[in-house]
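First comes the structure, then the notes that go with it.
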Amino acid sequence: MSFADLKKQSKFGFEKLSQEIEKLQNPVNGNGDDSRLWKPNVDKSGNGYAVFRFLPAADGDDLPWMKVWHHGFQGPGGWLIDNCPTTLSQKCPVCEFNTGLWNSGIESDKEIARKQKRKLNYYSNIYVVSDPSNPENNGKVFLYKYGKKIFDKIQEAMKPEFEDETPINIFDFWQGADFKLKIKKVAGYWNYDSSEFTSPSTLGGFDDSELEKVWRNEYSLQEFVNPSAFKSYDELQTRLNVVLSKNTSRIDRETLEDEDDFDTLTPPRSSRPVFNSVANTVTREPSLPKVVAETADEDDTLSYFARLAEED
């Protein structure tokens, strides 16, 4: 950003900082939830609807999304709710532990590994066009946390499968498209299959000066990959030990590129590990760990259990 740009955005910059201070002083939710994060609401039947626009990358960001891996599961000693260091291309004791479970060749261990494997979240800036359940959100910029299902929708729009479909840069102010979020409750979980992008258009029919105001109100996504948002290897190992907290044994480690490979690997034949001590270990006695479901309401569940985890 040039000095001229800095001077030009002086007013906008002060307004944004003032808004952030106000948010810190007056949180929207008493439970400390981040008021910058927009979350959809559903009715009693589990259906929800909203329209928003994915925004371009904020000033200083390379991409309009940020990819973050995390773990969320319950063991005999409590919940483990933490970001996964593999997000930063670092080793993760939880992933290593799950690899050992998978490679044991025992089906019950593989099932535990599936329950405990890392899960993927994305973060983007959005402009809320219509939020029927919370109309006060209309016309505002928020952060939006979403999963693979919605990111698949984005990829399908930007790189369509068939030749007769026109690619859309859904993150563009002028040639992008609004996103109709349609939530249905299917088998107890939120389903996004009916969600869709509209035809390309300029956001809100705004002129460039109005679009610049929207852009200036975006949030940097760099905080989500700031090392301070991740526990160190040893800290995460300690938490894992507490969550497992059963007589177990040390296992050999083998790093996989992606834990999703668990479902395609042919596990080696190996002897059943012997129980002994906690730390990079395999638990046999307890039942399968409870896992936070990969649904839209996962955000609220993770937030709740994260607080429980901090209290342990």
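Per this note's numbering, the sequence shown starts with residue 1146, numbered consecutively. Ideal placement from N, C-alpha and C gives every residue a C-beta, glycine not left out. Since this is a predicted model, take the numbers as computed values, not measurements.
Cβ of residue i versus every heavy atom of the ligand HEM: is any distance shorter than 7 Å?
| i | result |
| --- | --- |
| L1246 | Among the components modelled here there is no ligand, and therefore nothing to report on the ligand HEM. |
Please tell me whether residue i and residue j are closer than 8 Å, where the distance is taken between their beta carbons.
| i | j | result |
| --- | --- | --- |
| K1325 | T1311 | no |
| V1239 | L1381 | yes |
| P1185 | S1269 | no |
| G1191 | K1330 | yes |
| I1469 | L1246 | Outside the displayed range of the chain (1146 to 1457) lies residue 1469, so it cannot be described from this structure. |
| D1228 | A1374 | The amino acid occupying residue 1228 in the given sequence is Asn; Asp does not appear at that position. Going by C-beta atoms, N1228 is nearer than 8 Å to A1374. |
How far does the alpha helix (DSSP H) with residue i in it reach, from first residue to last?
| i | result |
| --- | --- |
| G1108 | The structure shown does not extend to residue 1108, since the chain is modelled only from 1146 through 1457, so no value can be given for it. |
| Y1378 | 1378 to 1389 |
| Q1235 | Where Q1235 is concerned, there is no enclosing alpha helix (DSSP H), given that its DSSP letter is neither H nor E. |
| A1258 | 1252 to 1261 |
What are the boundary residues of the beta strand (DSSP E) that includes residue i?
| i | result |
| --- | --- |
| D1227 | 1223 to 1228 |
| S1354 | Not the beta strand (DSSP E): S1354 falls in the alpha helix (DSSP H), residues 1353 to 1361. |
| I1271 | 1264 to 1275 |
Our contact map puts residue i next to residue j with C-beta atoms below 8 Å; I'd like the distance itself, whole angstroms only.
| i | j | result |
| --- | --- | --- |
| R1259 | H1215 | At roughly 16 Å, the Cβ-Cβ gap does not stay under 8 Å, so R1259 and H1215 are not in contact. |
| Y1272 | R1198 | 4 Å |
| V1187 | I1328 | 6 Å |
| Y1378 | K1189 | Their Cβ separation, rounded to whole angstroms, is 45 Å, which puts Y1378 and K1189 out of contact at 8 Å. |
| L1200 | K1290 | That belief does not hold up - the Cβ atoms of L1200 and K1290 are roughly 15 Å apart, past 8 Å. |
- With a floor of 3 residues, list each beta strand (DSSP E) that falls wholly inside the region 1170 to 1221, ordered by position along the chain. Within the region 1170 to 1221, the complete beta strand (DSSP E) runs of at least 3 residues are 1193 to 1199, 1210 to 1220.
Contiguous alpha helix (DSSP H) assignments of at least 4 residues, all confined to the region 1281 to 1348
1293 to 1303
With contact counted as at least three CB pairs below 8 Å, one residue from each stretch, are the region 1272 to 1281 and the region 1219 to 1233 in contact?
-> no
Notebook entry, point to check: Should the region 1334 to 1353 be called in touch with the region 1297 to 1313, which here means at least 3 C-beta pairs below 8 Å?
Noted result: yes
contact_flag[the region 1347 to 1359, the region 1241 to 1257] where n(CB pairs < 8 Å) is 3 or more:
no
Discussion item. Quick check: the region 1366 to 1380 against the region 1189 to 1206, are at least 3 beta-carbon pairs closer than 8 Å?
Written reply: yes
At least three beta-carbon pairs within less than 8 Å, the region 1279 to 1296 to the region 1312 to 1323:
no
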